[in-house]
Every structure is written in C-alpha cells, then in structure tokens.
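Here the structure comes first, spelled out in structure tokens, and everything after it is commentary.
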Amino acid sequence: MKIIIAPQAFKGSLTGEEAARSIAEGVYRVWPKAHVDLLPVSDGGNDTLEILVKATGGRYMDGEAAGPLGEVLKTQWGILGDGQTAVIETAKICGLLLIPEELRNPALTTSFGVGQILSHCLDLGFRKFVIGLGGSATNDGGCGLAQAMGVKFLNQNHNVLPLGGISLLDLAEIDLSELDPRIKDSEISVAVDVTNPLCGPLGASVIYGPQKGASPALVEQLDKAMERLSKIIEKDLRVNVRDLPGAGAAGGLAAGLLAFLEGKLCSGAELICDSICLEAHLTNADLVIVGEGSLDLQSSFDKASVVVARRAKRKGIPVLAVSGILGPGYEQLIQQGINQMVSIMGSGISHNEAITNAFSLVALTTEKALRESQIMMPR
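The sequence shown begins at 4 in the working numbering and counts up by one.
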C-alpha cells in the first residue's frame, strides 16, 4: 500500500513538513505497514524556499532587508543546486505572518525589502532568479520592490510617492530611468500562487485584502489604487497587466515584477510539483492526501492542494484533503479531483485551540477519515 502525503503549510500553526508528519501519524494508526512518501508542497508562498533548496541540493543564505512595515529584519534566501539560480521567498521578507494581527494594514505595507534582497543577489553575480509569491502582507502592486531597484513613482507634481499601496491613488507617472541596468541581463521566474487578476471583483485587493487587515472601505480604495497603477503602467510602459491571470498574486507583486523587471509568470504549485518529481512518486500510488489551513473557493485558483489533486486525478488516484477549516465554496473542489474533504474543527473547538493543537488534531482527523470513509480505501 503506497500513500503520498503532500500538504502545504497550515498558516500560523504547521509548516508543510510538520503537516506531512502529522498526517502520516494518522495514516500509521490505521495502516501500520503502509509505505508513505512525505512530499510537502507549496504554491510559491510559505515553505517555497525550503522545498526548492532541499529538492535541488542547494543551500541557504542569510540576508537583511526591510520588513513589510519598513522595519529591518533578518531573513533568508537560497541558492539552488545548479549554483546559478537565486531563490527568494517573499513571505520571508514581507509576509503576513511577520506582522501581529493588530498591526496589519495593507494600505501601508511594502515589498521594498524584496527588492533589496534582489539587488544584493545581483551584487553577488546572480542573473537567474526564482521569486516565490504568496503569503504576503502587501497590496502595493510590487511598487515597493521596484522602488528598491531604482524605479520612481511620481504624482502630478513630480514628487516621489511614499511606500505603500494606498499612495498609488495619486500616481501620475512611472520613471524607469534609474532602474538597475543589470535587470536587463537577468532571467526572473515569478512563481505565483493564484490566478487572480490585479483588479476587479476577483482581483488582489477584493479577494485577499480582507485577510491582510483591510476593511471594506479600504478594500475599495486599494482596488482603485491598483486600477490607477494598471492604467499608468499601460500609459508609460505599454504593458497591460490589469486582467492578466496571476497578476494579482502577493498583492499585485506579480504585476510589478512583470511590468517593471520583465519577469515571467509561472504557477508556483506546478514549479514545486515538478521540482519534487511528483509524477514519479505518484506511480503505483493507492492514495494521495493533501492538506492546508483553509479549503475554499480560493483554493481552486491554482493552489498547491488542487494542483496535486489534478495530477492524481489524471492517474485515477483518490485524494483526501485534510483542512484546518472548510470555507465558502469548498464543494467546488470535488470537480478538481479531491474526493473527500475533512476539517479539524470539530464541535466545541475554538480557532485558538485548533492552532495550538494543530499537529494532534490533523493526525486525529486523518485517522478518523480513513477509518470511516469507504471512498478512501486503497485500491
């Protein structure tokens, strides 16, 4: 009996590696002799750096950069096994989990630190990059990163705008004259975690702004700011990013990397699945178990759990998903290849208790699902 366990991080409680071990514990309680492959995944956000470094035999590098609120923080980036490619995980620099909940404000948070690390990598001679997006606290359209690389964002009086997405409401001109010239010789792969566009009802601000601390009124203002940014990008740079699938990743950071640094967007989840050789591991598998903190309609936007499930479905392998919570629209994931979804949120369990006891609850929920579900019985 062969079981593939491929969860991503349960934000705020478990890393992908911890989630995989927890699920495995539940599996072994039911099938002690099962052959289990632990393959934690990511969609470009949390754990991207660790997974790519491990999969390629690379190494970690220490760095220092501005955090999401402008504070100086110590961070990490990586060098892949080829020795030629630098990998940057934006969640480690401007991630939502770096800010206490009471201080989260996507009007002011910035991606400036990502640009600082990118510039540092250029100083060291790197010209190939993988930048993993996802889990960010920002909604600045990548303008903070671009400012760190020399791009100027000006208002109608030709004054430089301050950092933060809300300032883009006053954007009138984008000046690339002082952009770091080394970017022209660089190849930047932008691993996006969603297919959302930059603006509109499915855009970065509307869909992800609330979880970053935005009120309904602020969401509306931030969406207008992204609309303004897209119009000025099209006017000054002749690039249309407004409705591009994936451009809304990391608060529009994907759009900025494409427009200002000529980055190439790719699915972070697909990149990770290829890097860990998922297809080879799926051979002769009887069951796949995925997991993440929240399964909902957003999960269908190219999230790792769904990408893994699609690949398993093509091979006729059943998929169980273990989730922290099941949110609105989760039923639609059945069409993506997930046969059954279960949540650790049983009756009487508070959100804080679920986070504190996530490891044991994931193991218990996995065990219970496997014991009770005939659909999940291995072939």
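Yeah, the Cβ is synthetic: ideal placement off N, Cα and C, and Gly gets one too.
For residue i, three-class secondary structure by DSSP
{"i": "D178", "result": "strand"}
{"i": "K36", "result": "coil"}
{"i": "L205", "result": "coil"}
{"i": "E356", "result": "helix"}
{"i": "V75", "result": "strand"}
{"i": "R130", "result": "coil"}
{"i": "S16", "result": "coil"}
{"i": "S192", "result": "strand"}
{"i": "C124", "result": "helix"}
{"i": "S45", "result": "coil"}
{"i": "R241", "result": "coil"}
{"i": "K318", "result": "coil"}
{"i": "S25", "result": "helix"}
{"i": "V309", "result": "helix"}
{"i": "L323", "result": "strand"}
{"i": "A9", "result": "coil"}
{"i": "D143", "result": "coil"}
Short Cβ contact (7 Å threshold) for residue i with residue j
{"i": "A69", "j": "G145", "result": "no"}
{"i": "D289", "j": "P331", "result": "no"}
{"i": "S25", "j": "F263", "result": "no"}
{"i": "C276", "j": "V310", "result": "yes"}
{"i": "G137", "j": "G48", "result": "yes"}
{"i": "L285", "j": "K318", "result": "yes"}
{"i": "L41", "j": "T59", "result": "no"}
{"i": "G147", "j": "T113", "result": "yes"}
{"i": "M344", "j": "I328", "result": "no"}
{"i": "N142", "j": "L221", "result": "no"}
{"i": "L182", "j": "V244", "result": "no"}
{"i": "A253", "j": "T78", "result": "no"}
{"i": "N342", "j": "V322", "result": "yes"}
{"i": "P109", "j": "A217", "result": "yes"}
Among the options, nearest to residue i - alpha-carbon criterion
{"i": "L72", "options": "S278, I102, S45", "result": "I102"}
{"i": "D85", "options": "L281, M152, K131", "result": "K131"}
{"i": "A9", "options": "E370, I292, N158", "result": "I292"}
{"i": "V133", "options": "R313, I54, Y211, V75", "result": "I54"}
{"i": "I186", "options": "C202, G118, L164", "result": "G118"}
{"i": "K57", "options": "Y31, A372, L285, V90", "result": "V90"}
{"i": "S270", "options": "G203, V322, A250", "result": "A250"}
{"i": "L205", "options": "K5, K215, D246", "result": "D246"}
{"i": "G340", "options": "I352, A307, E370", "result": "A307"}
{"i": "I96", "options": "E104, V365, G66", "result": "G66"}
Cβ separation of residue i and residue j, assumed to be a contact under 8 Å, to the nearest whole Å
{"i": "V39", "j": "R374", "result": "Going by Cβ atoms, the distance from V39 to R374 rounds to 17 Å, so no, they are not a contact pair."}
{"i": "K267", "j": "I358", "result": "About 36 Å separates the two Cβ atoms, so there is no contact after all."}
{"i": "D46", "j": "A315", "result": "16 Å between Cβ atoms; not a contact."}
{"i": "G388", "j": "L111", "result": "The question about residue 388 has no answer, for the chain in this structure spans 4 to 382."}
{"i": "K215", "j": "R107", "result": "6 Å"}
{"i": "L164", "j": "R231", "result": "Their Cβ separation, rounded to whole angstroms, is 11 Å, which puts L164 and R231 out of contact at 8 Å."}
Cutoff 7 Å: residue i Cβ touching any chain B Cβ
{"i": "V222", "result": "Included in the structure is just one protein chain, with no chain B present."}
Quiz item: Given 8 Å as the limit, is there contact between the region 151 to 164 and the region 174 to 188, that is, 3 or more CB pairs closer than that?
Solution: Three or more beta-carbon pairs drawn from the region 151 to 164 and the region 174 to 188 are found closer than 8 Å, and the two stretches are therefore classed as touching.
Quiz item: Are there three or more Cβ pairs, one per stretch, closer than 8 Å when the region 14 to 28 is compared with the region 227 to 243?
Solution: Contact between the region 14 to 28 and the region 227 to 243 is not established, with fewer than three Cβ pairs separated by less than 8 Å.
Self-check item: contact_flag[the region 252 to 262, the region 193 to 203] where n(CB pairs < 8 Å) is 3 or more
Solution: Taking a cut-off of 8 Å on C-beta distances, the region 252 to 262 touches the region 193 to 203, as three or more cross pairs fall below it.
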